[in-house]
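One structure is given below, encoded as structure tokens.
In mature numbering (1 follows the signal peptide of the UniProt record, and there is no 0), the protein residues as written are -18 to -1, 1 to 423.
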């Protein structure tokens, strides 16, 4: 899928904060674009483009997910004040980078909704081809809704295109309703997508893997364990022997990743590498993070963190020159950790918990966990997720969903701070009476 550049395809996409777009003069209407199978295919490809935004997986999503936690901090010499707000857990609703996450996710949802609307009427597509297209689009919609839920809490559920002023004033739905829609979309995707080795587009296993994560976050531990095990037992993915090679595009461990190229680059390395290497180092691992690695955990530490003249920086994504390295969203190691945590939280068989936890540890050339009780195992899994998934956008959400943020993070002093503020632009534009700012902002 190198590279999705079909931006003129969808002219009706309004920005996520629902500010009306002016129709570009070189655009074509959705009715004209989606007339046949070829148009729908380009539309499906286009639904992935919002993930590539700098305000999303192109930079902000992963960095803010670790910067809000104890995995990263904003160095004194860095210049982005919006990053300092996140580091200090003192975020303003007018923070432009927060707005970028909201806007990008709803852009992706709206794009998917536009194509979903057109698929049923396409004459030259078989029922199987339509189901495949809808499966990908509903996966995209589910991932966007899920990411929004994790950052902002209750959010508007968007299932139809926002065109002109229609759909601008939308209520926030409760977390249960958002989860219900996410799960419905992913179940449809799982039932209709093909098994595929393609990593930059949704596959059946990608839908199952995302369901495992969603069920874990929601607290449906039996289902989380079942879905994680389905991915593991599929044998479609293998743990990469050399941890550093996990982050090579489309490795055997990757389940779903966001595609980037030299013409549509990400800015991860630019924002993590130090200035002496021509980076900006707006987010960096603190001393506490460096000390969190076990003494024998040299493989993961070396692959995740580099040091230049005593300046430490995150280095899983290291293509500073072109920013063409893909960003991993789902991978096999997480499935082992989801299964371990789900079994521990439901007080399943302890040996099963340890077996899955140790799969990840053994790849890192570490000994079996010494934890024996459910409580100890949950702390061990929390630690393992912090290290194994460092700088991949998990730590903040892990601490929030397990109600550990206030205990672990000194700057989080109130439960209100465990949600980011709804962007000010959305509050000003969306006039629905149920669109209220998160408490505390």
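Every residue gets a Cβ at the ideal spot worked out from N, C-alpha and C, and that includes glycine.
DSSP-derived helix/strand/coil call for residue 249: Here residue 249 refers to the residue found at position 267 of the chain shown. Coil, per DSSP.
CA-CA distance, residue 326 and residue 359? Position 344 of the chain shown, counted from the start, is the residue given in the question as residue 326. Position 377 of the chain shown, counted from the start, is the residue given in the question as residue 359. If you take the alpha carbons of residue 326 and residue 359, they lie about 7 Å apart.
Given residue 210, which residues of its chain have a CB within under 6 Å of its CB, disregarding the five upstream and five downstream residues? As a working note, residue 210 is residue 228 in the chain shown. Result list for residue 210: 194, 317, 320 and 321, in chain order.
Bridge partner(s) assigned by DSSP for residue 295: Counting from one through the chain shown, the residue named residue 295 turns up at place 313. Looking at the DSSP assignment, residue 295 forms a beta bridge with 288.
Does DSSP put residue 155 in a helix, a strand or coil? The sequence position of residue 155 within the chain shown is 173, counting from 1. Residue 155 falls in the strand class under three-state DSSP.
Assuming residue 128 contacts residue 196 under a Cβ cut-off of 8 Å, what Cβ separation, rounded to an integer in Å, is found between them? Looking up residue 128 in the chain shown gives position 146. Looking up residue 196 in the chain shown gives position 214. That pair is a contact at about 6 Å.
In chain order, what residues of the same chain have a beta carbon less than 8 Å from the beta carbon of residue 67, not counting five sequence neighbours either side? Your numbering for residue 67 matches position 85 in the chain shown. Here the set comprises 73, 74 and 77.
Report the rounded CA-to-CA distance for residue 414 versus residue 405, giving the unit in angstroms. For the purposes of this step, residue 414 is taken as the residue at position 432 of the chain shown. For the purposes of this step, residue 405 is taken as the residue at position 423 of the chain shown. Approximately 15 Å, taken between the alpha carbons.
Give me the DSSP bridge partner(s) of residue 91. Indexing the chain shown from 1 puts residue 91 at position 109. Note: residue 91 sits in no beta bridge, so no partner.
Hey, how far is the Cα of residue 283 from the Cα of residue 85? Residue mapping note: residue 283 aligns to position 301 of the chain shown, counting from 1. Residue mapping note: residue 85 aligns to position 103 of the chain shown, counting from 1. If I take the Cα positions, the gap works out to 34 Å.
To the nearest angstrom, how far is the alpha carbon of residue 138 from that of residue 152? Residue numbering aside, residue 138 sits at position 156 when the chain shown is read from its first letter. Residue numbering aside, residue 152 sits at position 170 when the chain shown is read from its first letter. Straight-line Cα distance between these residues: approximately 6 Å.
If you draw a straight line from the alpha carbon of residue 279 to that of residue 341, how long is it in whole angstroms? Locating residue 279 in the chain shown gives position 297, where the first residue counts as 1. Locating residue 341 in the chain shown gives position 359, where the first residue counts as 1. Taking the straight line joining both Cα atoms gives about 14 Å.
Three Cβ pairs or more, each shorter than 8 Å: is that satisfied between the region 345 to 363 and the region 12 to 20? no
Can you name the residues that DSSP bridges to residue 186? Walking along the chain shown from the start, residue 186 turns up at place 204. Residue 186 pairs with nothing; no bridge assigned.
Excluding the 5 residues flanking residue 207 on each side, which residues of the same chain have their C-beta closer than 6 Å to its C-beta? Here residue 207 corresponds to residue number 225 of the chain shown, with the count starting at 1. Correct list, in chain order: 321, 324 and 325.
Buried or exposed, going by whether 16 or more other CB atoms sit within 10 Å of the CB of residue 256? On the chain shown, position 274 is the one that residue 256 refers to. Label assigned to residue 256: buried.
Using C-beta distances below 8 Å, list every residue in its chain close to residue 7, excluding the 5 sequence neighbours before and after it, in chain order. As a working mapping, residue 7 is identified with position 25 in the chain shown. Reliability fails at residue 7, whose pLDDT of 30 lies under 50, so the model's placement of it is uncertain and the value that follows must be treated cautiously. For residue 7, where only same-chain residues beyond five positions count, there are no Cβ hits under 8 Å.
Looking at the secondary structure, which residues open and close the alpha helix (DSSP H) in which residue 22 lies? On the chain shown, residue 22 is found 40 positions in, with the first residue counted as 1. Its alpha helix (DSSP H) spans residues 19 to 28.
Measuring CA to CA, which of 422, 412, 402 and 409 is closest to residue 135? Taking the chain shown and counting its residues from 1, one reaches residue 135 at position 153. Nearest option by C-alpha distance: 402.
Is residue -7 helix, strand or coil by DSSP? As a position in the chain shown, residue -7 is number 12, starting the count at 1. At residue -7 the pLDDT is 37, less than 50, meaning the model places this residue with poor confidence; the figure from the coordinates comes in the next sentence. Note: residue -7 maps to coil in three-state DSSP.
For residue 311, three-class secondary structure by DSSP: Counting from 1 along the chain shown, the entry for residue 311 is found at position 329. Three-state result, residue 311: strand.
Do the region 260 to 275 and the region 209 to 225 make contact, defined as three or more Cβ pairs closer than 8 Å? no
Hey, residue 398 and residue 422 are a contact pair by Cβ (cut 8 Å); roughly how many whole angstroms apart? Residue mapping note: residue 398 aligns to position 416 of the chain shown, counting from 1. Residue mapping note: residue 422 aligns to position 440 of the chain shown, counting from 1. Between residue 422 and residue 398 the Cβ distance is about 3 Å, and since that is below 8 Å, they are a contact.
If you follow the alpha helix (DSSP H) that residue 229 is in, where does it begin and where does it stop? Here residue 229 corresponds to residue number 247 of the chain shown, with the count starting at 1. No alpha helix (DSSP H) holds residue 229; DSSP gives it neither H nor E.
Pairwise C-alpha distance: residue 25 and residue 379: Reading the chain shown from its first residue, position 397 is the one you call residue 379. Reading the chain shown from its first residue, position 43 is the one you call residue 25. Approximately 31 Å between the Cα atoms of the pair.
Spatial distance of residue 3 from residue 83 (CA atoms): Mapped onto the chain shown, residue 3 falls at position 21. Mapped onto the chain shown, residue 83 falls at position 101. With a pLDDT of 30 at residue 3, under the threshold of 50, the predicted position of this residue should be treated as unreliable, and no value is reported.
Would you tell me roughly how many angstroms separate the C-alpha atoms of residue 65 and residue 56, rounded to the nearest one? Within the chain shown, numbered from 1, the residue matching residue 65 stands at position 83. Within the chain shown, numbered from 1, the residue matching residue 56 stands at position 74. Cα-Cα distance, rounded: 7 Å.
Over what stretch of residues does the alpha helix (DSSP H) that includes residue 47 continue unbroken? For the purposes of this step, residue 47 is taken as residue 65 along the chain shown, with counting starting at 1. Run containing residue 47: 42 to 49, per the alpha helix (DSSP H) assignment.
Using the rule of at least 16 other Cβ atoms within 10 Å of the residue's Cβ for burial, across every protein chain shown, is residue 52 buried or exposed? One-based indexing of the chain shown puts residue 52 at position 70. Buried.
Rounded to whole angstroms, what is the Cα-Cα separation between residue 383 and residue 163? The residue you call residue 383 lines up with position 401 of the chain shown. The residue you call residue 163 lines up with position 181 of the chain shown. Those two C-alpha atoms are separated by around 19 Å.
For residue 5, which three-state DSSP category applies? If you number the chain shown from 1, residue 5 lands on position 23. Because the pLDDT of residue 5 is 34, which lies under 50, any placement of that residue in the model is unreliable, and the number read from its coordinates should be weighed accordingly. Note: residue 5 maps to coil in three-state DSSP.
Looking at the structure shown, is residue 266 part of a helix, part of a strand, or coil, going by DSSP? As a first step, residue 266 is located in the chain shown; it is residue number 284 there, counting from the start. DSSP places residue 266 in strand when its eight states are reduced to three.
Residue(s) in a DSSP beta bridge with residue 239: Numbered from its first residue, the chain shown carries residue 239 at position 257. The partner list for residue 239 (beta bridge, DSSP) reads 310.
What residue from 143, 200, 101 and 370 has the CA that sits closest to residue 274's CA? Position 292 of the chain shown holds residue 274. The candidate whose alpha carbon is nearest that of residue 274 is 370.
My understanding is that residue 251 touches residue 299, with C-beta atoms under 8 Å, so please give their C-beta distance in whole angstroms. Walking along the chain shown from the start, residue 251 turns up at place 269. Walking along the chain shown from the start, residue 299 turns up at place 317. Confirmed, about 6 Å.
Pairwise C-alpha distance: residue 248 and residue 94: As a position in the chain shown, residue 94 is number 112, starting the count at 1. As a position in the chain shown, residue 248 is number 266, starting the count at 1. Rounded to whole angstroms, residue 94 to residue 248 spans 22 Å at the Cα level.
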